[in-house]
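The next block holds one structure in the form of structure tokens; read it before the comments.
Protein chains in written order, with this note's numbering: chain U, 2 to 252; chain B, 11 to 467.
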């Protein structure tokens with residue numbers, strides 16, 4: 002589904018990604034783990050098409066289509082979803098209005114009929130229940146004044162409503178207490194499906210106790226230095242990232 | 011500057027000479043006003059308050075009273091809100107057939123100076139504008155307010171009796187329908203310009219409540235240059251609550267130099283929203299005098315500009331008594347080569363302890379060539395006050411734009427959503443549903459205009 006090959010990317014003349022390879026198939030959950038500054042969030046932003054990042058080499062494909070040729074909205078239309086590490090507050094735009102605009106923009110791009118207010122509301126209520134989001138949040142402006150946990154839950158709600166093929170979760174666990182973490186993980190697990198894949202980017206192993214990955218990758222200094230099964234996350238938890246320096250040297 | 015040096019005032023003095031000062035109670039005031047105007051002349055670029063307002067295109071052509079051309083009352087219909095009492099003026103003249111003045115209220119056309127409201131006029135009209143009773147030392151004479159007092163032919167006077175709460179808003183429509191074939195001179199510039207001087211007086215008695223909606227509009231939104239020079243006075247009695255909306259939706263080529271003045275007595279509340287959508291050159295000068303303990307004034311505004319439009323808002327809020335509060339929120343959206351000026355002066359007199367004043371001006375620039383000026387000016391002579399001001403001039407938040415696009419919303423739609431969200435903070439204040447819907451529609455239309463106009467610049 003997702004094929005990243007030898008991806009190099011820089012921001013403000015500084016090279017952050019130095020040759021990332023990653024292949025994700027439908028139905029799989031991949032975890033990308035790494036310390037601060039290893040390039041995790043850059044990878045997420047490059048996938049979603051943030052213009053501040055420049056891809057200098059390598060390729061990005063979603064379902065065989067070249068993502069680099071696509072605007073951020075076109076990537077969404079193709080089924081890509083990024084749950085932001087720092088969801089943006091948008092005063093004056095109602096959460097539910099925003100979600101309806103997003104759903105219908107995607108449907109329109111895919112030549113599907115747009116949802117009317119009633120059908121959308123039904124969908125929204127159903128998904129809000131699924132990911133345990135209070136309806137009061139739907140009436141407020143997008144993320145404005147939301148707590149850290151509310152913002153992350155709102156990201157998961159958007160994912161549930163937009164039904165992406167590939168969801169990239171960028172440190173969705175950061176700033177969450179254990180209860181919020183469980184809620185968010187339960188939301189993600191509820192959305193796991195054969196035709197959907199996840200890339201879960203995280204600093205800590207903790208989230209992976211609740212969202213159990215099929216594959217774990219260690220990102221260090223802009224490269225994936227090791228890949229393995231879910232046991233790799235536990236190894237990381239015990240040894241820390243320092244233990245992988247040797248692997249980097251050999252890579 | 012000496013009067014003799016300003017040749018631009020001649021045609022306006024002739025307009026006055028042609029009609030005369032007229033009968034009392036206004037005759038003396040009109041005479042005094044034209045004398046003050048003659049003495050002061052029109053502002054020049056050397057006048058600090060007028061430095062950025064280019065009066066050339068307004069003052070070069072010869073002024074011709076718009077009221078010379080009558081129009082059918084029907085032209086007003088598209089601009090009227092259901093559920094309102096209303097007074098309609100077309101080309102500066104009262105249109106009684108299109109009007110339905112409120113009951114239980116003194117409301118009359120100013121052409122009728124001998125009518126039942128003459129006491130109201132004698133006591134209030136022009137008594138506090140023109141810099142006379144109004145301002146502290148440096149406020150001076152407002153030349154266009156003086157011109158309005160001297161030259162207005164008609165207007166609306168509304169007196170709300172003490173203790174009366176009006177349930178229905180009063181809409182005052184000032185409709186311009188300029189001649190389509192303005193003569194052009196050798197260089198293509200018009201030789202004459204149709205001018206009108208709308209005048210509004212609102213006197214709210216003690217503990218009364220009213221909502222007044224002023225609409226400035228053109229029968230043809232694509233009409234060429236005409237000049238509207240309105241003045242409005244609000245006299246807010248003790249404990250009164252006056253809501254005011256000033257919708258400026260003139261034709262794209264119009265010139266609009268407005269002056270409004272509010273005087274608030276003890277515990278009075280004046281809540282005014284000024285929305286500027288049209289016009290080539292628009293300026294609105296607002297003076298609010300908090301003249302009684304506990305008076306509370308809210309002045310909000312929005313301007314949405316594209317092309318080479320210019321809008322200036324010049325505010326002067328004077329706290330003269332203790333425990334008075336004022337809140338100002340002005341927001342601007344500018345595209346193309348549009349320019350705006352916000353001059354916000356808050357003057358806290360020595361007696362006005364416990365003043366609470368807040369002023370915010372936020373500008374959103376959508377093009378490189380657009381230019382917003384924001385000049386907060388605080389003059390504080392009391393020591394126990396809270397005065398804050400904030401002013402921002404910025405561009406659209408790139409992170410927010412990316413966030414919306416990452417959810418599949420296209421660039422144009424995402425851009426529109428964000429600009430709209432910025433502006434609607436002011437339009438959302440309208441609680442009267444037909445007004446709110448109209449403001450929403452105008453905002454939407456003018457933002458779309460901003461987008462399409464902006465693409466060339």
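Note that the Cβ used here is the ideal one computed from N, Cα and C, for glycine as well. Keep in mind the model is a prediction, meaning the values are calculated, not measured.
Any chance the stretch 100-109 of chain B sits against the stretch 52-69 of chain B, with 3 or more Cβ pairs inside 8 Å?
no
Does the stretch 149-162 of chain B come close enough to the stretch 19-31 of chain B to have 3 or more Cβ pairs within less than 8 Å?
Yes: at least three Cβ pairs fall under 8 Å.
Is there a Cβ of chain U sitting closer than 8 Å to that of residue 7 of chain B, yes or no?
Limits of chain B in this structure are 11 at one end and 467 at the other, which puts residue 7 of chain B out of reach.
Is any beta-carbon of chain U found at less than 8 Å from that of residue 328 of chain B?
Translated into positions along the second chain, residue 328 of chain B becomes position 318. Chain U contact via Cβ: absent.
So which residues on chain U does residue 432 of chain B lean against when the C-beta distance must stay under 7 Å?
Against the second chain, residue 432 of chain B aligns to sequence position 422. By Cβ distance, chain U contributes 93.
Using a Cβ-Cβ cut-off of 8 Å, state whether residue 107 of chain U counts as contacting chain B.
To locate residue 107 of chain U, count along the first chain from 1; it is residue 106. Chain B, which has a Cβ nearer than 8 Å to the Cβ of residue 107 of chain U, makes this yes.
Looking at chain B, is there any beta carbon in it that lies within less than 8 Å of the beta carbon of residue 147 of chain U?
The count along the first chain starts at 1 and reaches residue 147 of chain U at position 146. So, not an interface residue.
Quick one: which unbroken beta strand (DSSP E) runs of 3-plus residues sit fully inside the stretch 87-169 of chain U? Chain order, please.
91-95
Note down, in chain order, every chain U residue with its Cβ under 8 Å from the Cβ of residue 394 of chain B.
Here residue 394 of chain B is taken as the residue at index 384 of the second chain, counted from 1. Correct list: empty, because the minimum Cβ distance to chain U is about 32 Å.
Under the assumption that residue 64 of chain B contacts residue 187 of chain B (Cβ atoms under 8 Å), give the Cβ distance between them as a whole number of angstroms.
For the purposes of this step, residue 64 of chain B is taken as the residue at position 54 of the second chain. For the purposes of this step, residue 187 of chain B is taken as the residue at position 177 of the second chain. The Cβ separation is near 26 Å, so there is no contact.
Is there at least one Cβ from chain B nearer than 8 Å to residue 74 of chain U's Cβ?
Taking the first residue of the first chain as position 1, residue 74 of chain U is located at position 73. Chain B contact via Cβ: present.
Using the beta-carbon of each residue, which ones in chain U are nearer than 8 Å to residue 228 of chain B?
Here the question's residue 228 of chain B lines up with position 218 in the second chain. Below the 8 Å Cβ cutoff, chain U contributes no neighbours of residue 228 of chain B, its closest Cβ being approximately 29 Å away.
Taking only heavy atoms of the ligand SAM into account, decide whether any of them is closer than 7 Å to the Cβ of residue 191 of chain U.
This structure lacks the ligand SAM; in fact it carries no ligand of any kind.
Quick check on residue 17 of chain B: does DSSP put it in helix, strand or coil?
In the second chain, counting from the first residue as 1, residue 17 of chain B sits at position 7. Of the three classes helix, strand and coil, the one that applies to residue 17 of chain B here is helix, per DSSP.
So is residue 417 of chain B in contact with chain U if we call contact Cβ pairs under 8 Å?
As a position in the second chain, residue 417 of chain B is number 407, starting the count at 1. Chain U contact via Cβ: present.
Return helix, strand or coil for residue 12 of chain U, following the three-state DSSP convention.
Counting from one through the first chain, the residue named residue 12 of chain U turns up at place 11. Here residue 12 of chain U sits in strand by DSSP.
Using three-state DSSP, classify residue 363 of chain B as helix, strand or coil.
Locating residue 363 of chain B in the second chain gives position 353, where the first residue counts as 1. If DSSP states are grouped into helix, strand and coil, residue 363 of chain B belongs with coil.
In the DSSP assignment, what are the bridge partners of residue 470 of chain B?
Outside the displayed span of chain B (11 to 467) sits residue 470 of chain B, for which this structure offers no information.
Could you tell me which chain B residues have their CB closer than 7 Å to the CB of residue 101 of chain U, listed as they occur along the chain?
Numbered from its first residue, the first chain carries residue 101 of chain U at position 100. By Cβ distance, chain B contributes nothing, its closest Cβ being about 10 Å from residue 101 of chain U, past 7 Å.
Would you list, in chain order, the members of the stretch 28-51 of chain U that have their beta-carbon closer than 7 Å to a beta-carbon of chain B?
49 and 51
For residue 332 of chain B, I'd like the list of residues in its chain whose CB is within less than 7 Å of its CB, leaving aside the five on either flank, ordered along the chain.
As a position in the second chain, residue 332 of chain B is number 322, starting the count at 1. Hits under 7 Å: 303, 361, 362, 363 and 364.
Flag residue 465 of chain B as yes if its beta-carbon sits less than 8 Å from any beta-carbon of chain U, otherwise no.
As a first step, residue 465 of chain B is located in the second chain; it is residue number 455 there, counting from the start. Low per-residue confidence applies at residue 465 of chain B: pLDDT is 34, beneath 50, and the placement is therefore not dependable, though the value from the model is reported in the following sentence. Closer than 8 Å: no.
Using the beta-carbon count (16 or more within 10 Å), is residue 146 of chain B buried or exposed?
Counting from one through the second chain, the residue named residue 146 of chain B turns up at place 136. Low per-residue confidence applies at residue 146 of chain B: pLDDT is 43, beneath 50, and the placement is therefore not dependable enough to give any value.
If you draw a straight line from the alpha carbon of residue 139 of chain U to that of residue 439 of chain B, how long is it in whole angstroms?
By 1-based counting over the first chain, the position of residue 139 of chain U is 138. By 1-based counting over the second chain, the position of residue 439 of chain B is 429. Their backbone Cα atoms lie some 21 Å apart in a straight line.
Using a C-beta cutoff of 8 Å, does residue 169 of chain B count as contacting chain U?
In the second chain, counting from the first residue as 1, residue 169 of chain B sits at position 159. No - not a single Cβ of chain U is within 8 Å of the one on residue 169 of chain B.
If you compare alpha carbons, which of B:41, B:324, B:448 and B:263 is closest to residue 310 of chain B?
One-based indexing of the second chain puts residue 310 of chain B at position 300. Here the closest residue by C-alpha is B:324.
Just checking: is the beta-carbon of residue 199 of chain U within a distance shorter than 8 Å of some beta-carbon in chain B?
Position 198 of the first chain holds residue 199 of chain U. At a cut-off of 8 Å between C-beta atoms, residue 199 of chain U does not count as an interface residue with respect to chain B.
Note down, in chain order, each residue of its chain lying with its Cβ closer than 6 Å to the Cβ of residue 232 of chain U, except the 5 sequence neighbours on either side.
For the purposes of this step, residue 232 of chain U is taken as residue 231 along the first chain, with counting starting at 1. Within the same chain, residue 232 of chain U has no close Cβ partners at all.
What does the alpha-carbon distance come out to for the pair residue 78 of chain U and residue 404 of chain B?
What you label residue 78 of chain U is simply residue 77 of the first chain in a count that begins at 1. What you label residue 404 of chain B is simply residue 394 of the second chain in a count that begins at 1. Spanning the two alpha carbons is a distance of roughly 30 Å.
Have a look at residue 117 of chain B and residue 181 of chain B and give me their C-alpha separation to the nearest angstrom.
The count along the second chain starts at 1 and reaches residue 117 of chain B at position 107. The count along the second chain starts at 1 and reaches residue 181 of chain B at position 171. Whole-angstrom Cα-Cα distance: 12 Å.
How would you call residue 86 of chain U, buried or exposed, if buried means at least 16 neighbouring beta carbons within 10 angstroms?
To locate residue 86 of chain U, count along the first chain from 1; it is residue 85. Classification for residue 86 of chain U: buried.
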